[in-house]
Amino acid sequence: MNSKRLLQNVFAQSVRYSAAAQRSIFTGTSSAAMRSSFVLNRNVVSIMPVRQSIFQQRKFSNDAEPSSFKVVDYNDIQKLIQDSDKSYSLIDVREEKEVVQGAIPTAKNVPLSQFASAWSLSDKEFKEHFGFEKPKRDANVILYCLGGVRSTRAAEHLASLGYDNLSNYVGSWADYVEKQKGEQ
Numbered sequence: 000m001n002s003k004r005l006l007q008n009v010f011a012q013s014v015r016y017s018a019a020a021q022r023s024i025f026t027g028t029s030s031a032a033m034r035s036s037f038v039l040n041r042n043v044v045s046i047m048p049v050r051q052s053i054f055q056q057r058k059f060s061n062d063a064e065p066s067s068f069k070v071v072d073y074n075d076i077q078k079l080i081q082d083s084d085k086s087y088s089l090i091d092v093r094e095e096k097e098v099v100q101g102a103i104p105t106a107k108n109v110p111l112s113q114f115a116s117a118w119s120l121s122d123k124e125f126k127e128h129f130g131f132e133k134p135k136r137d138a139n140v141i142l143y144c145l146g147g148v149r150s151t152r153a154a155e156h157l158a159s160l161g162y163d164n165l166s167n168y169v170g171s172w173a174d175y176v177e178k179q180k181g182e183q
């Protein structure tokens, strides 16, 4: 699946979540998954009539920047991997059983299923459990998964914790493998 198609799939899913969230607002119910869709669709959300309390929960306002993270592509990832500086943390949020099939060079694994608890660990506990230093809040953190959905959730979580130098490789592992095959 090419990266354009992956982006279309991620957008379509986020639009479905937004539609469900809009329905839930009018019925008075809401869920974390639906609230998270507001970050995915800020352009769509800005025209939707929603209650202020949800925006406050997501720390969102009309004055906010358009996104809490940058979207990077295959070429950006290649430049980072070849960078001898290594002043970034490339984090794969796929589950361990997926990572054994391959990973982007220099990536560290923090599965999304452990993500919230991982960032509540002390720096020492984090290093003991995951084998690398816990990135600081101002560190350059790049996230990826299989197709961009889980890495988007991970980026949203880190943004809510105050990380402000986040990037998301939305094409993720599927795009990376496809591009690697094309270069051979």
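Just so we're aligned: 120 in numbering that gives the first Met the number 0 is position 121 of the sequence shown, and the numbers increase by one with no gaps anywhere. Ideal Cβ placement from N, Cα and C applies to all residues, glycine included. Keep in mind the model is a prediction, meaning the values are calculated, not measured.
Limits of the unbroken beta strand (DSSP E) element including Tyr-168 | 165-168
Beta carbon of Leu-145, beta carbon of Arg-93: below 8 angstroms?
-> Closer than 8 angstroms, so yes.
Asn-167, buried or exposed, once every other Cβ within 10 Å from all chains shown has been counted against 16 = Its Cβ being crowded by 16 or more others within 10 Å, Asn-167 is buried.
Extent of the continuous alpha helix (DSSP H) run through Tyr-175 | In the DSSP assignment, Tyr-175 falls within the alpha helix (DSSP H) that extends over 171-182.
Spatially closest choice to Arg-149 from Ser-116, Asp-163, Arg-136, Gly-170, by CA coordinates = Gly-170
Looking only at C-alpha atoms, which of Lys-180, Gln-183, Tyr-175 sits nearest to Gln-77?
-> Tyr-175
Using the C-alpha atoms, what's the distance from Tyr-162 back to Lys-135?
-> Between Lys-135 and Tyr-162, the alpha-carbon positions lie close to 8 angstroms from each other.
Per-residue burial, Leu-111 [other beta carbons within 10 Å of its own, 16 or more giving buried] = buried
Taking C-alpha atoms, which residue in Glu-182, Ala-173, Gln-183 lies nearest to Gln-100?
-> Ala-173
CB contact flag (Pro-104, Ile-141, <8 angstroms) = no
Beta-carbon proximity check, Leu-165 vs Phe-68, cutoff 8 angstroms = yes
Nearest to Asp-84 (by Cα), restricted to the options Gln-179, Lys-180, Tyr-73, Asn-139 = Asn-139
Kindly indicate the opening and closing residues of the beta strand (DSSP E) around Lys-69.
-> 69-71
Select from Asp-82, Tyr-87, Ala-102 the residue whose C-alpha is nearest the C-alpha of Glu-177.
-> For the options Asp-82, Tyr-87, Ala-102, the alpha carbon positioned closest to that of Glu-177 is the one of Ala-102.
Would you tell me roughly how many angstroms separate the C-alpha atoms of Asp-137 and Gly-147, rounded to the nearest one?
-> 22 angstroms
Within 10 angstroms of its Cβ, does Glu-95 collect 16 or more other Cβ (buried), or is it exposed?
-> Burial call: exposed.
Cβ of Lys-107 within 8 angstroms of Cβ of Ser-121?
-> no
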